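Chemist: First residue of the sequence shown? That's 1 in my numbering, and the numbers climb one at a time after it.
Ideal Cβ positions, reconstructed from N, Cα and C, are used throughout, including at glycine.
Note that this is a predicted model, so its numbers are computed, not measured.
Here's a structure for you.
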Amino acid sequence: RAAEFLGADLVLSSRAALPDEWKQQAHELGLQSTDVVEFSSVMTSDSGMQLAQVKAVGPGYPLRGEVRISDEQFADERSVDSIPPEGEVWVEARLLNILDLAVSDALDVGRSTLGMGAVLTHEPDRVGDFYSLNPRVLMNLADLGATEIIQPGSRIRYRLLLSGDEAALERFQDWVRPQLEPNQRLTTVADDNQQIGTALDRAGQFLGLASIAAVVLAGVAVALSASR
């Protein structure tokens, strides 16, 4: 379940759009994939404005873990196996409070006005994003173009999420690593977060020691039984 911290088994990220052939290669290897575009933008309403962290996601997101939402603030959350439909966004409760909005209101995102369909309570790949203190907005990638937010010089992060068979993931890594440019990064859960990676290493060591201890105890039990 450690892959839930990434929302996938493997992530490719870049400040520029990733090559289409990478996704095609992943498809040929039988891997699942989905696109994510992240950026900061000012959200506006009749009562004010607020800088927010926006994540535009494609179908299938997340590949690992789950997104949880609630229908209203302070209502019970529930897991969903879909992304916001086109024309709709899911937002954190903080943004609603700051802009004095209700879930049924509309939100201006760039040049588009999108309806708010739910309160966003959990994203699996949010764990490693501690540096962002802004409220979160989750939107459908299909709506991104109409917002006209992405312009030359915009600070954007593009991510390609991949999951699937371990052998296929290894083959894909071997294929893509020689092509990586300085602004591109390939990430697995072990190296995405130092604390997570350290915890996984320690867990592996613990399980190894536990296995050895089990073998020793079994040997002692056999020896005592034979002696008796």
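#1: With DSSP run on the structure shown, which of helix, strand or coil describes L180?
#2: Let me know the secondary structure DSSP gives E38 once reduced to three states.
#3: For T147, list the residues DSSP reports as bridge partners.
#4: Using DSSP's beta-bridge definition, name the partner residues of E123.
#5: Over the uninterrupted alpha helix (DSSP H) stretch that includes I98, give me the two end residues.
#6: For L209, which of helix, strand or coil comes out of DSSP?
#7: Compute the Euclidean distance between the alpha carbons of G110 and F39, then round it to the nearest angstrom.
#8: Could you please give the first and the last residue of the uninterrupted alpha helix (DSSP H) stretch that includes D20?
#9: DSSP on A224, reduced to helix/strand/coil?
#10: Out of curiosity, what's the CA-to-CA distance linking R126 and V220?
#11: Is the distance from the Cβ of G65 to the Cβ of G7 below 9 Å?
#12: Using DSSP's beta-bridge definition, name the partner residues of A52.
#13: Mapping the DSSP letters down to three states, classify G115 as helix, strand or coil.
#14: Pick helix, strand or coil for Q32, following the three-state DSSP scheme.
Modeler: Taking the coordinates as given:
#1: Numbered from 1 along the sequence shown, position 180 holds the residue referred to as residue 180. Looking at L180 - three-state DSSP - the assignment turns out to be coil, as it is neither helix nor strand.
#2: Within the sequence shown, the letter at position 38 stands for residue 38. E38: strand per DSSP, three-state reduction.
#3: For this step, residue 147 is matched to residue 147 along the sequence shown. The partner list for T147 (beta bridge, DSSP) is empty, contrary to what the question assumes.
#4: To locate residue 123, count along the sequence shown from 1; it is residue 123. Answer is none; E123 lacks a bridge partner.
#5: Taking the first residue of the sequence shown as 1, we reach residue 98 at position 98. Counted as a single uninterrupted DSSP element, the alpha helix (DSSP H) harbouring I98 occupies residues 93 to 99.
#6: For this step, residue 209 is matched to residue 209 along the sequence shown. When DSSP states are grouped into helix, strand and coil, L209 belongs to the helix group.
#7: For the purposes of this step, residue 110 is identified with residue 110 of the sequence shown, where counting begins at 1. For the purposes of this step, residue 39 is identified with residue 39 of the sequence shown, where counting begins at 1. Cα to Cα, the separation comes out at about 12 Å.
#8: To locate residue 20, count along the sequence shown from 1; it is residue 20. Note, D20: alpha helix (DSSP H), 20 to 28.
#9: For the purposes of this step, residue 224 is taken as residue 224 along the sequence shown, with counting starting at 1. The question names Ala, yet the displayed sequence has Leu at residue 224. L224 carries a helical assignment under DSSP once its states are collapsed to helix, strand and coil.
#10: For the purposes of this step, residue 126 is taken as the residue at position 126 of the sequence shown. For the purposes of this step, residue 220 is taken as the residue at position 220 of the sequence shown. One C-alpha to the other measures close to 47 Å.
#11: Counting from 1 along the sequence shown, the entry for residue 65 is found at position 65. Counting from 1 along the sequence shown, the entry for residue 7 is found at position 7. Yes, they are a contact pair.
#12: As a first step, residue 52 must be located in the sequence shown, where it is residue number 52. S41, per the DSSP bridge assignment.
#13: On the sequence shown, residue 115 is found 115 positions in, with the first residue counted as 1. Of the three classes helix, strand and coil, the one that applies to G115 here is strand, per DSSP.
#14: On the sequence shown, residue 32 is found 32 positions in, with the first residue counted as 1. Here Q32 sits in strand by DSSP.
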